[in-house]
Structures are given as C-alpha cells and as structure tokens.
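Visitor:
Chains as they are written, first to last, in the working numbering: chain A, 1 to 168; chain B, 169 to 308; chain C, 309 to 444.
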C-alpha cells in the first residue's frame, strides 16, 4: 500500500492516478478483513473501490484528462508533512500496543454490547445491532448526509450547460 | 458496447446474480457482514454496469428519473417513519422494542425497515450521481 | 524493540496519512487533490480500526463457537465515515466539473490567475459549442 501511494504521488497521468487509487482501496479492504472488520471491508470494497473509482473516472472524462503540469519543487510541503508525521509518531508512542486486551477501548462499553447485544436485539451481528439499534440516531444522520450530498450534486449538475458567448 | 456480444452475454448472466447477491447482503445483515449501505452500493453498481453496456437511455427506461429521485427521498422518509412509529406507539423516537408485543421481534422489525430505507437512499443517490455525470458527458 | 513492534502499525498509517496530506498541499491539479484527500481518509479509517483488533479473536458476530471477539465499536464508526467520505468525494467532483466548465482548467495556479485577472477569462475554452443549450 505504501508503494501504491508513493507511485500515485509521483504519477502525473490522471488515469494512472485513479487506477492506483482503486488498487489502494482494494488493498485497504483486504487489510480490514485481516483486522476482523468484515462489515467495514465489504463497505470499503463496494463503496470505496467500486463507486469512488467510477465517479473519479466519470469526472476525469468530463474534465478531459489533462496531464498535471510540473509544480515548483515541493520543499516546504515536504518539510511540513515530515514535521507533522514526526510529531504524530511521537504522539503514538504512548498509545496502547497492538492487540492489548486491557486497553481502555476493550474494557469500557464494548463487552456490554458484545454480551447483551444479541440477547436484547436478537441480532447476532453486533456491528449491525449497534449501528441500527443502539446508535440508530447516528445512522439517521448518516443517511441524511448521503441525501444532502445527492441533493447538492443535483443542484450543481442538473442545469444544462450554457456557454458564455465571449465578452460583450 | 451494445454490439459486443461477449459483454452482452456476460452482462445478462451476471446482472441477475449481482442483484440477488445484493438482496442477500441486505437481508442477511443481521447474521453476517452486510446491511443497508453495502446492498445499496451493490445495486447501484449493477445498474451502472447495465447502463455501460446497454446505453444510458435504456437504463433510464428501466430506472426513470422520477423513480430515482423518489428513491433518494423515500429512503430517508422510511427511516423517519420508523422513528415516528416508535413515538406513535408509545415509546421514544426510534425505539424499536415497542413496535411489537415481544421486544426482540420489535427490534427485528425496526432494524429491517431502517436498513431497507438506508439501502434505498444510498442506491438512489449513487445512481443519480452516475446519471448526472454521464448526461453531462453526453452534452459536451 | 518490543515497543517498535507494538507500534509500527500506527507508523505505517501515519506514513499513508502524510502522503495523502502531501498530495493535497503540494499538487495543483484539483482531481489529484481530491484523490489525496481520499487517501488521507482511508488511512484514518485504518488508524481507527487497528486498535480494535484482538489477536486470536474473530469478527464481532456472536456465535457459540467463539469466545473472543474484536471490538465492534470502531467498525460502526468507520462504516459511517466511509459512506460520508464517498458523499463528500462525489460533491467535490461535481464542484470540479463545474469549475472546469467555468474556468476551462482544473489547475489551481491557473484558476487563481484567472480569478485575479478576469480579463483573461473572456472566451470560454471550448470553441466547439457555440450554440446555447436551448437550440441544441
């Protein structure tokens, strides 16, 4: 995945950029399966790798796939990025180790959901139970976000193109 | 691409299975990975596939514009209706356990309907975005 | 050494996130900026999911055969985040398409130049469509 991202950064052909992004999304979905997040992996594969790539290709077709011009040497952004990365690495030193059973994330409220979720809701998939029942309000908000994005895109793109006819 | 026989045959073979799989993902979200979002995205992907092979106008006859736009709003309204049904029967907003005499069955019912609402909205939005992008491309 | 092994997953994700950030702030092409933003978002999803995993556990679908489950709560959060991310990506792409039609370009420095100097934007970039939409 790191190789894909580095190649993506250096590539200037936008079609290659989009294909590499699709590849990166698929690899992310695979890593998510390895992390036991199967619902998330399915969503990432369907939505991230499938639909996002289609939308990017559609937009690329509409923008006529211009190759990116060479920028000036990116020393300042590189410095800023590396600096931020180092600060973040310093911050993660104190985080719990990978797969630590007594980390706070596992001892706070998750055991309650895992034990009593299937009994209270009758749904063995705890992710769906939490998403739809315990935190159903958040899912309502998410549906409204998708709805608003759809409305926004309709507002932006549904008017027929008109061409400004030169300066008066 | 309508005249390419390989694509047409594969499309006719695969699209019903894709739709069936989307239905499976939607309904089995309780017992395995799945749920509304994934199912909506898979249905939209099947329709995009159909539109790419058979042309946008044919796809528009199967899923006309008014249907897609009603789907976008209909899913959210369905979700809110389930929430208000909870209020109407006597509980709080978005309470499922009051929807039936047995609270667990009520939960099942509530989860089923809201996942359906989510799938309808997601499918409608993704399909509408695809229609708008392609229509813009044809205007150019 | 053990702390290196225990934490290197965070560092990989920080590298991915910083690459996405680098693309956003240093490249001028708008579509590439959006792709960089998407990379940033995806790496943050991994950053959230990684602490939820328990080695030896399984996916959080309760079944009689397993006793140890990975944490379901970050997964719920990230499920919402993925869908919201694709919604913003779609909206951003619609804006890029409109910018392309108005300015004729999607390179950031050219757009800023055109904004500063409106006299340069007299003629639209596609001379092929000279008829208004109503006559098409």
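For every residue, glycine included, the Cβ atom is placed at its ideal position computed from N, Cα and C.
1. Is the distance from the Cβ of residue 355/C to the Cβ of residue 328/C below 8 angstroms?
2. Would you identify the three-state DSSP class for residue 90/A, choosing helix, strand or coil?
3. What residue does the alpha helix (DSSP H) around residue 204/B start on, and which one ends it?
4. Could one say the Cβ of residue 85/A lies closer than 8 angstroms to chain C's Cβ atoms, at least one of them?
5. Determine the burial state of residue 73/A: buried for a count of at least 16 other Cβ atoms within 10 Å of its Cβ, exposed for fewer.
6. Are the C-beta atoms of residue 21/A and some chain C residue less than 8 angstroms apart?
7. Determine which residues of the stretch 393 to 419 of chain C have a Cβ less than 7 angstroms from any Cβ of chain B, and write them out in chain order.
8. Measuring CA to CA, which of 417/C, 351/C and 338/C is closest to residue 321/C?
9. For a cutoff of 8 angstroms on Cβ pairs, would you count residue 425/C as touching chain A?
10. Where residue 78/A and residue 330/C are concerned, what is the direct C-alpha to C-alpha distance, given to the nearest angstrom?
11. I'd like the span of the alpha helix (DSSP H) that includes residue 15/A, first residue to last.
12. Look at the alpha carbon of residue 195/B and the alpha carbon of residue 87/A, and state the distance between them as a whole number of angstroms.
13. Residue 378/C to residue 148/A, Cα distance in whole Å?
14. Give the secondary structure of residue 433/C by DSSP, where H, G and I count as helix, E and B as strand, and everything else as coil.
15. Name the chain D residues that come within less than 9 angstroms of residue 1/A, Cβ to Cβ?
16. Please confirm whether residue 306/B has its beta-carbon closer than 8 angstroms to some beta-carbon of chain A.
17. Would you identify the three-state DSSP class for residue 377/C, choosing helix, strand or coil?
18. Assuming residue 294/B and residue 51/A form a contact by the criterion Cβ under 8 angstroms, report the distance between their Cβ atoms to the nearest whole angstrom.
19. Would residue 185/B be called buried (16 or more neighbouring beta carbons within 10 Å of its own) or exposed?
20. State buried or exposed for residue 252/B, treating a residue as buried only when at least 16 other CB atoms are found within 10 Å of its CB.
21. Got a sec: is the Cβ-Cβ distance from residue 343/C to anything in chain B below 8 angstroms?
22. Name the chain B residues that come within less than 7 angstroms of residue 333/C, Cβ to Cβ?
23. Measuring alpha carbon to alpha carbon, tell me which residue in 202/B, 214/B and 260/B is nearest residue 123/A.
24. Nearest CA to the CA of residue 198/B: which residue from 371/C, 410/C and 376/C?
25. Counting C-beta neighbours from all protein chains within 10 Å, is the total for residue 90/A 16 or more, i.e. buried, or is it exposed?
26. Looking at the C-beta of residue 264/B, does it have a partner C-beta in chain A at a distance below 8 angstroms?
27. Since residue 205/B contacts residue 47/A with CB under 8 angstroms, what's their CB separation in whole angstroms?
Guide: On the basis of the data shown:
1. no
2. helix
3. 204 to 222
4. yes
5. exposed
6. yes
7. 398 and 405
8. 351/C
9. no
10. 7 angstroms
11. 14 to 34
12. 45 angstroms
13. 33 angstroms
14. Because the pLDDT of residue 433/C is 47, which lies under 50, any placement of that residue in the model is unreliable, and the question is left without a value.
15. Chain labels in this structure do not include chain D; the protein chains are A, B and C.
16. no
17. strand
18. 6 angstroms
19. exposed
20. exposed
21. no
22. The premise fails here: residue 333/C is roughly 27 angstroms from chain B at the closest Cβ pair, so nothing lies under 7 angstroms.
23. 202/B
24. 371/C
25. exposed
26. yes
27. 7 angstroms
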